[in-house]
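Numbering (my numbering), first residue to last: 170 to 290.
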Amino acid sequence: VERTDDALIVRASVPGFDPDEVTVTVDQGVLTIEAQHQQEDEKREQNFVRRERFVGRMYRQIALPQEVKGDQTRAEFSNGVLTVTIPLEQKSEPRRIPVQPAGEAAASPAPASQEAAPAQG
């Protein structure tokens, strides 16, 4: 996993799989990569039948930061390597929030225009 200024890039090695056997999903802040391959080979000769089955499966989940744009995710497959690129939202600059002692906001004096009128007797 690599993070650049504008994207999160995930590279996964999936040798032996074809692109149509690989599924990539982004759901609720989680990137899921799944691949499944099934192959069956049968050889018939005079006195025997030989059957071989191969099943390969790969499954990975990666938690994503909150600022990803999951709906703009791209996946590319080349020579057994899957590259998933997930764009990041533009980050806002950190903002300092002033901290006041408890009760100070309620005890601050009211503006002069809102002072109470003198009681009439």
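By construction, the Cβ of each residue, glycine as well, lies at the ideal position given by its N, Cα and C atoms.
Tell me the rounded alpha-carbon separation between residue i and residue j.
i: tyrosine 228; j: proline 188; result: 15 Å
i: valine 224; j: glycine 249; result: 17 Å
i: glycine 272; j: glutamine 235; result: 34 Å
i: phenylalanine 246; j: glutamate 171; result: 17 Å
i: valine 218; j: glutamate 209; result: 13 Å
i: leucine 257; j: threonine 173; result: 9 Å
i: aspartate 175; j: arginine 222; result: 44 Å
i: glutamine 269; j: lysine 238; result: 36 Å
Residues in the same chain with beta-carbon distance under 8 Å from residue i, minus the five sequence neighbours each way, listed in chain order, please.
i: valine 199; result: Gln230, Ile231, Ala232 and Leu233
So, for residue i: in the same chain, excluding its five sequence neighbours on each side, which residues have a beta-carbon less than 6 Å away from its beta-carbon?
i: aspartate 240; result: none
i: threonine 242; result: Val195 and Ile255
Considering only the alpha carbon of each residue, which of the options lies closest to residue i?
i: valine 179; options: Gln215, Phe186, Ala244 and Glu236; result: Ala244
i: glutamate 211; options: Arg220, Phe186, Glu203 and Ile266; result: Arg220
i: valine 253; options: Glu190, Arg213, Gln259 and Val195; result: Val195
Just to check my reading of the structure: residue i and residue j have Cβ atoms closer than 8 Å, yes? What is that Cβ distance to the nearest angstrom?
i: glutamate 190; j: alanine 181; result: At roughly 13 Å, the Cβ-Cβ gap does not stay under 8 Å, so glutamate 190 and alanine 181 are not in contact.
**Prompt:** Curious, which full-length beta strand (DSSP E) runs of at least 3 residues does the stretch 222–268 contain?
**Reply:** 243–247 and 250–256
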